[in-house]
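Per the numbering used here, residue 1467 is the first one in the sequence shown, and the count goes up by one each step. Ideal Cβ placement from N, Cα and C applies to all residues, glycine included.
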Amino acid sequence: MNSERVAWFDCYSGISGDMCLAALIDLGVPFSSLKKAIATLGIKAYSISTRNVLRNGIRARRIRVTINEQEPPRRFGDIKRIIEGSSLPDPVKKDSLRIFRALFRAEGRVHGKSLKEVHLHELGATDCLIDITGTLYCLHHLGIKRVFSTPLNLGKGMVRSSHGPLPVPAPATLELLRGVPFYSNGPEMELTTPTGAAIISHIGEVMEDIPPMVTEKTGYGAGGKDIPSWPNILRVTIGTLMQKDFGRKSKRLLQIETNIDDMNPQAYEYIMSRLFQAGALDVYLTNVIMKKGRPGVVLNVLSEKETADALTTILFRETTTLGIRIKEVDRICLPREVITKETPYGTVRFKVSEKGLTPEYEDCKEIAKSTGKPLIQIMRELNSLS
């Protein structure tokens, strides 16, 4: 297996957008490159600076964004246009929009508004744009393929807002951290902000243990407050993942399911095809006996968070269901990759894992069709070659 370049976020003092950005600049991303990338967003009337500071005797980098005039209220559509119109790399644009969509939805749930009605007020649209796109640009610049994180320290106490005092964590932060491990410790203040929560919950794999890795460098990003007897720092370490030792990969996904007992079963093949085309990772049916002894099925769909809306729309449109259940699940997979191998039947794809080599079913099927041999014989022969 090829080794991956990864980043490990140590969030013992929480996480915020500016701390992320500062730690990644401290890791070696040229500040001039960051400013050039941010400038392509086309936002005006701001300045950004960086300097070294001490936090409890530890040298760290501090990033400061100054807004020079009153910001206009920005809704998700405005943010989307700004990001899509920039010259940022496509992966940075894509992940930035995912994070902003989650941020706006969290604010909407808290305030009882739709995605289109919400605008950024507490967070500051320009601050958010710089923190989120800047963080993702820096990770892209460093060649980071995966991000790991410790559970998040939220802090405690109360935080001021335009709506009055709010408990820590802020309501939007709590919405964003559904299914993400966190705890409360340290000084009475907000340690994890909504922006920080949005970033790490959408790009990071949060776990108790540090992944086995060969480290290259550690960067330190300072929070805005210098707290006596508490190092208010985000520590980010980059390195190479030791795949063979780490083995299993865990990812948080959504399981979407619904019970159906009044539909023509001939339609399931079409529905499953539509779901896979819309991005479902897996679709399967389970026979069940429902109330009043009626036979039915549970239609299960496994999906990424960003494709869940499209998949639920298909279920409501294409089935008779009136309700859908959604829950977060952890999927654990062994590392695998697909290779090509020359065989008596030509080039065939094989899936490689610690369990060995397995010929791809679709290739076996095509060989069986072209040769007229039984499929089971083709699979047996190719398995013997592996």
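What is the DSSP secondary structure of residue i, reduced to helix, strand or coil?
i, result
"G1812", "strand"
"R1644", "coil"
"S1695", "coil"
"P1825", "strand"
"D1748", "strand"
"P1633", "strand"
"E1537", "coil"
"R1626", "coil"
"S1498", "helix"
"Y1478", "coil"
"N1619", "strand"
"T1661", "helix"
"V1576", "helix"
"N1753", "strand"
"M1467", "Residue confidence for M1467 is low, a pLDDT of 44 falling below 50, so the modelled location carries little weight and cannot support an answer."
"E1847", "helix"
"C1604", "helix"
"G1838", "coil"
"G1551", "coil"
"I1790", "coil"
"E1588", "Its pLDDT being 49, under 50, E1588 is placed unreliably by the model, and the measurement read from it follows with that caveat. Residue state, collapsed to three classes: coil."
"V1506", "As written in the sequence, residue 1506 is Thr, which differs from the Val given in the question. T1506: coil per DSSP, three-state reduction."
"L1569", "helix"
"S1650", "coil"
"I1805", "strand"
"K1582", "coil"
"L1493", "coil"
"T1779", "helix"
"E1820", "coil"
"T1599", "helix"
"E1832", "helix"
"V1472", "strand"
"E1784", "helix"
"E1770", "coil"
Please tell me whether residue i and residue j are closer than 8 Å, where the distance is taken between their beta carbons.
i, j, result
"G1822", "S1479", "no"
"T1706", "M1679", "yes"
"D1853", "V1531", "Residue 1853 lies beyond the residue range present for the chain, which begins at 1467 and ends at 1852; the question has no answer from this structure."
"I1704", "T1786", "no"
"L1848", "S1819", "no"
"D1597", "G1759", "no"
"R1853", "H1585", "Given a span of 1467 to 1852 for the chain in the structure shown, any question on residue 1853 remains unanswerable."
"I1529", "I1549", "no"
"L1602", "V1558", "yes"
"E1826", "K1817", "yes"
"C1604", "L1487", "yes"
"V1814", "D1796", "no"
"G1621", "S1650", "yes"
"L1581", "R1571", "yes"
"I1693", "P1631", "no"
"N1534", "A1568", "no"
"I1842", "Y1811", "no"
"M1756", "V1749", "no"
"N1619", "C1477", "yes"
"E1794", "R1644", "yes"
"T1516", "L1554", "no"
"V1763", "T1779", "no"
Name the one or two DSSP bridge partners that residue i has.
i, result
"N1725", "V1764"
"A1511", "None, per the DSSP bridge assignment."
"N1518", "R1527"
"V1679", "Correcting the residue type first, residue 1679 is Met in the shown sequence and not Val. Answer is L1707."
"V1558", "Answer is none; V1558 lacks a bridge partner."
"V1672", "S1615"
"R1564", "For R1564, which the question treats as bridged, DSSP gives no partner whatsoever."
"A1733", "Paired residues: none, contrary to the question."
"T1684", "T1703"
"L1720", "S1769 and E1794"
If residue i sits next to residue j, beta carbons under 8 Å apart, how far is it from one beta carbon to the other, in whole angstroms?
i, j, result
"A1489", "L1700", "5 Å"
"L1765", "T1724", "5 Å"
"I1565", "I1665", "6 Å"
"I1509", "L1595", "6 Å"
"A1746", "L1777", "6 Å"
field: Sufficient close CB pairs (3 or more, under 8 Å) joining the region 1635–1646 to the region 1659–1667
entry: yes
query: Looking at C-beta atoms only, is the number of pairs between the region 1612–1619 and the region 1470–1477 that lie closer than 8 Å three or more?
result: yes
query: So, do the region 1642–1658 and the region 1677–1687 have three or more beta carbon pairs nearer to each other than 8 Å?
result: no
query: So, do the region 1499–1514 and the region 1729–1736 have three or more beta carbon pairs nearer to each other than 8 Å?
result: no
Contact the region 1714–1725 vs the region 1759–1776: 3+ CB pairs below 8 Å: yes
field: the region 1514–1528 in contact with the region 1539–1552 per 3-pair CB rule at 8 Å
entry: no
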